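Student: So for the sequence shown, UniProt numbering puts the first residue at 1; every next one is plus one.
Starting off with a structure, shown below.
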Amino acid sequence: MTDLHTGGCHCGQLRYTVEAPLTDVAHCHCSICRRTTGGIVTTWATVPLASFRWTAGTPAEYASSADCIRYFCANCGSQLAFFTQLAPDTLDLTVATLDRPETAPPNRHIWVKSRLPWLHLDPQLPEEDEEQL
């Protein structure tokens, strides 16, 4: 049986659903995520692209690199999703935008070579210098 998860932006103009288990959840420490989200770390849940759909609104898009598109709310600025051509069958969702983020505990750290040296978060989790796709 699959899980049904819902989420959305701060102002409510964008809503989404995903019908899949949230099994690949990672704290990302890359500098691009820091700059695009304004946070010191971004926690992502990777889901099958086919399991995801927008249920309200149309997100704005930002190409943060040649292969990557970030989806965000043009009204409130919340970053909700990330797509990369390097993994074209999946989509990453910001765990913080889930209605129930507590259902998506992280299971690894990625891009730790960019981690801020003073940040100590979930030290028991495995770490990857970059991300192993």
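The beta carbon of each residue, even a glycine, is placed where N, CA and C say it ideally should be.
Predicted model only: the values in this text are computed from it and were never measured.
In this structure, how does DSSP classify residue 50 when only helix, strand and coil are distinguished?
Tutor: Taking the first residue of the sequence shown as position 1, residue 50 is located at position 50. Residue state, collapsed to three classes: helix.
Student: Under DSSP, the beta strand (DSSP E) around residue 64 begins and ends at which residues?
Tutor: Walking along the sequence shown from the start, residue 64 turns up at place 64. Boundaries of the beta strand (DSSP E) harbouring residue 64: 60 to 65, taken from the DSSP string.
Student: For the alpha helix (DSSP H) that contains residue 103, what are its first and last residues?
Tutor: Your numbering for residue 103 matches position 103 in the sequence shown. From DSSP, residue 103 is part of no alpha helix (DSSP H); its letter is neither H nor E.
Student: Which class does residue 37 belong to by DSSP, given the choice of helix, strand or coil?
Tutor: Counting from 1 along the sequence shown, the entry for residue 37 is found at position 37. Helix.
Student: Could you give the distance in angstroms between the alpha-carbon of residue 74 and the alpha-carbon of residue 116?
Tutor: For the purposes of this step, residue 74 is taken as the residue at position 74 of the sequence shown. For the purposes of this step, residue 116 is taken as the residue at position 116 of the sequence shown. Whole-angstrom Cα-Cα distance: 28 angstroms.
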